[in-house]
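Chemist: Residue numbers (my numbering): 35 to 642. Ideal Cβ positions, reconstructed from N, Cα and C, are used throughout, including at glycine. First the structure, which I've put down as structure tokens, then a few questions once you've had a look.
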Ligand code: F6R
């Protein structure tokens, strides 16, 4: 959470910093700040609110001269959003400037020590401790000073640092928070994520844990924590730059919903070869696949919801027991790891702190791990034994859509492959399921082309306060995601329930006009869910049903029906989620909310 940028080069820094921050605003957007050095002095401007406020205050950066600077967009952890708590933070005489993404877990202890030495703190942030520690240990050698504070800080950090007496240099360092360095003929960059530098360069270096980099306008020097110089290879980013722009769509979320069809194809097609599924990056022999006795799928939020679906698919097709865990729980619950346990970590960003910690926990027990990750080179991608990328491209809207859809595909592919290798499905079933997978991109496009129907329906529910989503089996997993999509971007309270569970308490909340969204895509469960719809209808609910084309029976009980095309019951989530994403989107924009940047959230949750 929080985005950092830095630029050192030939051009005026402030407009470049603001532009870079605008690409990182998805990481945090409650305040922002930049510091620019003109050689003689460092000037700093900070502002509470969206980046626009800072942009207006500095006239697009034009009021700040200087070709070297660092910037920050914040998602508050320590201290409320305010100008004082916004980054950058300074040492006592303003000669050292720091921006920080992450959390210094022992900051109270460090703060106390510094206060005892006479340091005065202006903000409530953990970051100010870093500025004063740099001051305290400063010996004229930035790299040496940075390593001293690294030995004392616990927690996570990506830092951009400028020292007044090294006016032609920027320093950066990371531990457990993302950081990349961009290299170009017109200067060098640091950033939390590649989209911030893509306009200027595609040559980037991924900084590893506890590595330090010194940037001048025409050189980069990398060091480890022992101050030894490292040789690093640049990576060329091959995304289309438009992938990180709105490209004519009103919102990133709408654009990304539309990109789902392509993202699903891009994740699926390269792994289908001659009637088989080939997942080279799995790094597992068929023998190893046959030996798996248990799978843990571990993730947070929507990524966790794909795991809930995948449990049904793996267990149903490959007959392997699966436990799905929230990463924040998994890491502390002392899970049982047998030698033939396989752990799958699912994450769009590849930086989610709890998911990364869960991965490390699994690895420390020597079991085999796989990351299903979207961001190339991210921490989970690097640390997992193997990584299966979801080729969704950059996802900017805070609420995930296309990354979610590609995570499902990656999990279907694995489950089908495992089932085939273990002989739990026959060749004909395998072949017909591959054909059904191949239809999904077109079916997703078809559903999106009917978006106006969902919009009309959504507009009737802008003032509603509570919504329930119900379903059974995989339909329950879809309900979880539909409910999260609605609440996170519309601020309407919603809950997902396994349809049969409602009557064990929650049904007392159903009253006249209460909207209940029922998902019925599993033929063997239709009748059961229809009974559950009847239960809520009797108590006054208004029911919107999401079901498959042939299931017209549901029209007798539901008030409004949305149909999805026919596919294999294991894959219906990929289709049923589309109207639910659209529903959340249209309620949010109908209420005039900022759908791409909902309040209190950030795209990449790099704190516990
Ligand atoms: C909801 C959403 C979040 C993420 C969760 C995990 O729309 O996007 O629930 O799914 O924060 O993030 P990643 O996948 O980056 O680990």
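From residue 289 to residue 519, what does the alpha carbon distance come to, in whole angstroms?
Modeler: Locating residue 289 in the chain shown gives position 255, where the first residue counts as 1. Locating residue 519 in the chain shown gives position 485, where the first residue counts as 1. Their backbone Cα atoms lie some 16 Å apart in a straight line.
Chemist: Less than 7 Å separating the Cβ of residue 335 from some heavy atom of the ligand F6R?
Modeler: To locate residue 335, count along the chain shown from 1; it is residue 301. Yes.
Chemist: Give me the DSSP bridge partner(s) of residue 420.
Modeler: If you number the chain shown from 1, residue 420 lands on position 386. BP columns for residue 420 point to 404.
Chemist: Quick one: grab the DSSP three-state call for residue 82.
Modeler: Locating residue 82 in the chain shown gives position 48, counting from the first residue. In this structure, residue 82 counts as strand in the three-state DSSP scheme.
Chemist: Cutting at 6 Å between CB atoms, please list the residues of its own chain near residue 523, excluding the five before and the five after it.
Modeler: Translated into the one-based positions of the chain shown, residue 523 becomes position 489. Excluding residues within five positions, the ones whose Cβ falls inside 6 Å are 433, 618, 622, 629, 632.
Chemist: Is residue 371 helix, strand or coil when you go by DSSP?
Modeler: Within the chain shown, residue 371 is the residue found at index 337, counting from 1. In this structure, residue 371 counts as coil in the three-state DSSP scheme.
Chemist: Less than 7 Å separating the Cβ of residue 683 from some heavy atom of the ligand F6R?
Modeler: The structure shown has nothing for residue 683, since the chain only spans 35 to 642.
Chemist: List the DSSP bridge partners of residue 359.
Modeler: Counting from 1 along the chain shown, the entry for residue 359 is found at position 325. BP columns for residue 359 point to 332.
Chemist: Measuring alpha carbon to alpha carbon, tell me which residue in 585, 79, 391, 464 is nearest residue 309.
Modeler: Here residue 309 refers to the residue found at position 275 of the chain shown. Per the Cα distances, 464.
Chemist: Going by beta-carbon coordinates alone, are residue 372 and residue 327 separated by less than 8 Å?
Modeler: Mapped onto the chain shown, residue 372 falls at position 338. Mapped onto the chain shown, residue 327 falls at position 293. In contact: residue 372 and residue 327 (Cβ atoms closer than 8 Å).
Chemist: Closest to residue 159 by CA distance: which of 96, 180, 123 is it?
Modeler: By 1-based counting over the chain shown, the position of residue 159 is 125. Taking only the C-alpha atoms, the option nearest residue 159 is 123.
Chemist: Would residue 244 and residue 259 qualify as a contact pair, given that the criterion is a beta-carbon distance under 8 Å?
Modeler: Along the chain shown, one-based indexing puts residue 244 at 210. Along the chain shown, one-based indexing puts residue 259 at 225. Yes, the Cβ-Cβ distance between residue 244 and residue 259 is below 8 Å.
Chemist: Could you round the C-beta distance between residue 554 and residue 586 to whole angstroms and report it? I think they count as a contact, below 8 Å.
Modeler: As a working note, residue 554 is residue 520 in the chain shown. As a working note, residue 586 is residue 552 in the chain shown. 11 Å between Cβ atoms; not a contact.
Chemist: Look up residue 319 in the DSSP assignment and say whether it is helix, strand or coil.
Modeler: Your numbering for residue 319 matches position 285 in the chain shown. It is coil, neither helix nor strand.
Chemist: Does the pairing of the segment 597-607 with the segment 475-490 give three or more beta-carbon distances under 8 Å?
Modeler: Yes, they touch.
Chemist: Using 10 angstroms around the beta-carbon of residue 353, count the other beta-carbons present and answer buried if the total reaches 16, otherwise exposed.
Modeler: In the chain shown, the residue the question calls residue 353 occupies position 319. Residue 353 comes out exposed.
Chemist: Can you tell me whether residue 607 is buried or exposed? The criterion is at least 16 other CB atoms within 10 Å of its CB, across all chains shown.
Modeler: Counted from its first residue, the chain shown places residue 607 at position 573. Buried is the call here.
Chemist: Going straight from the alpha carbon of residue 344 to that of residue 533, what length do you get?
Modeler: The sequence position of residue 344 within the chain shown is 310, counting from 1. The sequence position of residue 533 within the chain shown is 499, counting from 1. Straight-line Cα distance between these residues: approximately 19 Å.
Chemist: Where does residue 572 fall in DSSP's three states?
Modeler: Working through the chain shown from its first residue, we reach residue 572 at position 538. Residue 572: helix per DSSP, three-state reduction.
Chemist: Going straight from the alpha carbon of residue 517 to that of residue 321, what length do you get?
Modeler: Position 483 of the chain shown, counted from the first residue, corresponds to residue 517. Position 287 of the chain shown, counted from the first residue, corresponds to residue 321. So the alpha carbons of these two residues sit roughly 40 Å apart.
Chemist: So within the segment 549-600, which uninterrupted beta strand (DSSP E) runs reach at least 3 residues, ignoring any that extend past its ends?
Modeler: For the segment 549-600, whole beta strand (DSSP E) runs of length 3 or above, ordered along the chain, are 549-554, 576-582, 594-598.
Chemist: DSSP beta-bridge partners for residue 157?
Modeler: Taking the first residue of the chain shown as 1, we reach residue 157 at position 123. Answer by DSSP bridge pairing: none, since residue 157 is not bridged.
Chemist: Work out the CA separation of residue 79 and residue 87 for me, nearest whole Å.
Modeler: Looking up residue 87 in the chain shown gives position 53. Looking up residue 79 in the chain shown gives position 45. Roughly 11 Å between the two C-alpha positions.
Chemist: How about residue 488 and residue 369: do their beta carbons lie closer than 8 Å?
Modeler: Counting from 1 along the chain shown, the entry for residue 488 is found at position 454. Counting from 1 along the chain shown, the entry for residue 369 is found at position 335. Not in contact: residue 488 and residue 369 (Cβ atoms no closer than 8 Å).
Chemist: For residue 529, which three-state DSSP category applies?
Modeler: Here residue 529 refers to the residue found at position 495 of the chain shown. In this structure, residue 529 counts as strand in the three-state DSSP scheme.
Chemist: Among the candidates 505, 77, 435, whose CA atom is the shortest distance from the CA of residue 558?
Modeler: For this step, residue 558 is matched to residue 524 along the chain shown. Ranking 505, 77, 435 by Cα distance to residue 558 puts 505 first.
Chemist: Check whether the Cβ of residue 306 sits closer than 7 Å to any heavy atom of the ligand F6R, and report yes or no.
Modeler: For the purposes of this step, residue 306 is taken as residue 272 along the chain shown, with counting starting at 1. Checking every heavy atom of the ligand F6R against the Cβ of residue 306, none is found closer than 7 Å.
Chemist: Since residue 48 contacts residue 98 with CB under 8 Å, what's their CB separation in whole angstroms?
Modeler: Along the chain shown, one-based indexing puts residue 48 at 14. Along the chain shown, one-based indexing puts residue 98 at 64. The pair is a contact, with the Cβ atoms about 4 Å apart (cut-off 8 Å).
Chemist: For residue 311, I'd like the list of residues in its chain whose CB is within less than 8 Å of its CB, leaving aside the five on either flank, ordered along the chain.
Modeler: Taking the chain shown and counting its residues from 1, one reaches residue 311 at position 277. Closer than 8 Å at Cβ, skipping near neighbours: 305, 447, 450, 451, 454, 468.
Chemist: May I ask you to check if the CB of residue 433 is nearer than 7 Å to at least one heavy atom of the ligand F6R?
Modeler: In the chain shown, residue 433 corresponds to position 399, counting from 1. Yes; taking the cut-off as 7 Å, the Cβ of residue 433 has a heavy atom of the ligand F6R nearer than that.
Chemist: Compute every distance between the C-beta of residue 386 and the non-hydrogen atoms of the ligand F6R, then say whether any falls below 7 Å.
Modeler: To locate residue 386, count along the chain shown from 1; it is residue 352. Result yes, Cβ under 7 Å from the ligand F6R.
Chemist: What residue range does the beta strand (DSSP E) around residue 146 cover?
Modeler: What you label residue 146 is simply residue 112 of the chain shown in a count that begins at 1. From DSSP, residue 146 is part of no beta strand (DSSP E) but of the alpha helix (DSSP H) over 141-150.
Chemist: Output the boundary residues of the alpha helix (DSSP H) element that contains residue 438.
Modeler: Position 404 of the chain shown, counting from 1, holds the residue named residue 438. 436-456 is the span of the alpha helix (DSSP H), which, as asked, contains residue 438.
Chemist: If you measure from the beta carbon of residue 319 to each beta carbon in chain D, is any gap under 8 Å?
Modeler: Judged by its chain identifiers, the structure shown contains no chain D, having just a single protein chain.
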